[in-house]
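Participant: If you're matching positions, the sequence shown starts at 124 in my numbering and goes up one per residue.
Virtual Cβ for every residue (Gly too), placed ideally from N, Cα, C.
Everything numeric in this text was worked out from a predicted model, so none of it was measured.
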Amino acid sequence: INGIRAENIPPTPSLPVEDPDTAPGTPLARLGHDTDVANAAVFLLSEDAAFIHGAILPVDGGGHLRGRAAV
Numbered sequence: 124i125n126g127i128r129a130e131n132i133p134p135t136p137s138l139p140v141e142d143p144d145t146a147p148g149t150p151l152a153r154l155g156h157d158t159d160v161a162n163a164a165v166f167l168l169s170e171d172a173a174f175i176h177g178a179i180l181p182v183d184g185g186g187h188l189r190g191r192a193a194v
């Protein structure tokens, strides 16, 4: 559709505070936060993303590369 962009941030687990016991096993060595997803959404809504269309943006710290989310 002309003039309408459609992007997707699939739901992934995130924690409001970091848990040092689970962070070492994640690809980025830290846990995901609500703000990580919020920042991705703000970017996709910005003019910086004006030429992006139909993207699926997993905000999971690389967990999708291993078949699991970086909780």
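Taking C-alpha atoms, which residue in R189, L167 and G185 lies nearest to N131?
Facilitator: On the sequence shown, position 8 is the one that residue 131 refers to. Selected option, being the one with the closest Cα: L167.
Participant: Quick check: what's the CA-CA separation for R128 versus F174?
Facilitator: Counting from one through the sequence shown, the residue named residue 128 turns up at place 5. Counting from one through the sequence shown, the residue named residue 174 turns up at place 51. Computed Cα separation, rounded: 9 Å.
Participant: Select from D171, A172 and V182 the residue whose C-alpha is nearest the C-alpha of D159.
Facilitator: Indexing the sequence shown from 1 puts residue 159 at position 36. Nearest C-alpha to D159: V182.
Participant: Using a Cβ-Cβ cutoff of less than 7 Å, which residues in the same chain neighbour R189 once the five nearest sequence positions on both sides are dropped?
Facilitator: Indexing the sequence shown from 1 puts residue 189 at position 66. Taken in chain order, the residues that qualify are P150.
Participant: Restricting to Cα atoms, I'd like to know which of H176, L180 and G155 is closest to A164.
Facilitator: Position 41 of the sequence shown holds residue 164. Nearest option by C-alpha distance: L180.
Participant: Quick one: give me the first and last residue of the alpha helix (DSSP H) that V182 is part of.
Facilitator: Working through the sequence shown from its first residue, we reach residue 182 at position 59. Neither: V182 is in no alpha helix (DSSP H) and is coded neither H nor E.
Participant: What are the start and end residues of the alpha helix (DSSP H) that includes N162?
Facilitator: Walking along the sequence shown from the start, residue 162 turns up at place 39. Its alpha helix (DSSP H) spans residues D157 to L168.
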